[in-house]
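Asks: Position in the sequence shown counted from 1, then plus 177, gives you the numbering used here.
The beta-carbon is built from N, C-alpha and C at its ideal position, and this holds for glycine as well.
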Amino acid sequence: MSDNEVTDPQLAADLKKRRSFRTFSYRGVELEKLLDLSNEDLVHARARRRFQRGLKRRPMGLIKKLRKAKKEAPPNEKPAVVKTHLRDMIIVPEMIGSVVGIYNGKVFNSVEIKPEMTGHYLAEFSISYKPVKHGRPGIGATHCTFLLPFPKPLLIDPSFSLPIVCSNQPYIPLDTNPPPTAFLSSKRDLGPARFSFAFCTMRSTSMPLFSHDIM
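What follows is the structure, given as C-alpha cells:
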C-alpha cells in the first residue's frame, strides 16, 4: 500500500513520525515543548538559585534587545548581532536563534544561540584566552639537543672596512689571538639596543657594525 492510499489519520501520523529526521531533545524534552517549561525546570541548581533571586535590569535589557532584533529580522534570515558584556548571562530557550556578540575582553565574538546551549553561560562560547599551540622545541630544550655544539665564531679581516651586520656570534680578528674578554659579542658589548651604530677599532681602522638583528 502506497503513502497516497493511507486514509487512517493515526496510521498516517505514525508513518510521518517514522520518516522524520532525528529531532533535538534537551533532557528528554523536545524543542517545541521547551518554551512551555519554566526556567527553573531547565537549568542546573546554581542557575536555578540565580533565577530565584531574580534577574537584574541588564539581563532583562539584553533579552528585550534580542526580541527586538528577531522581530525586525527579514524572513528566513538571521537577526542582527546584539553586542553584550554580560558574560555571566544564562542562556534560556527564548534566546535560541539569536546572534549575540559576546565580549571576551578584547573583541566581540558573534555566536548564534543553538538549542544545545540552553543552561550554559555566554562566557563558555567566547573564551578570553587563545589556546596555546606549541611549536617545535629549540636547541637545548631536549636531551638529544642539549650537547650540540654552538656555531663557530665569525672571523673578520681587520683591513676590511665595509659595514658588517652583527649577529649573536663573537667577532675575532684573523691575525690576532685575543683573550676571550676582547671578543666583541653583540649581546654582551652592544647590549639590548636595537638598530644602534657601533664602531670597532681594529688596526686603527674604524669598522662600522650595524646591529640590526640584536634583540
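For the candidate residues 188, 220 and 187, whose alpha-carbon lies nearest to that of residue 203?
Replies: Taking only the C-alpha atoms, the option nearest residue 203 is 220.
Asks: Count the C-beta pairs between the region 254-274 and the region 287-304 that are closer than 8 Å, then say yes if the count reaches three, no if not.
Replies: yes
Asks: Measuring CA to CA, which of 268, 298, 304 and 269 is closest to residue 284?
Replies: 304
Asks: What's the call for residue 319, buried or exposed, on a 16-neighbour Cβ count within 10 Å?
Replies: exposed
Asks: Helix, strand or coil: how does DSSP classify residue 249 here?
Replies: Helix, per DSSP.
Asks: Mapping DSSP to helix, strand and coil, what is residue 260?
Replies: Strand, per DSSP.
Asks: How many angstroms separate the CA atom of residue 226 from the CA atom of residue 252?
Replies: 37 Å
Asks: Using DSSP's beta-bridge definition, name the partner residues of residue 207.
Replies: Its beta-bridge partners are 202.
Asks: What span of residues does the beta strand (DSSP E) with residue 285 cover, start to end?
Replies: Boundaries of the beta strand (DSSP E) around residue 285: 285-289.
Asks: So, are the CB atoms of residue 247 and residue 256 less than 7 Å apart?
Replies: yes
Asks: Just how far apart, CA to CA, sit residue 235 and residue 188?
Replies: 50 Å
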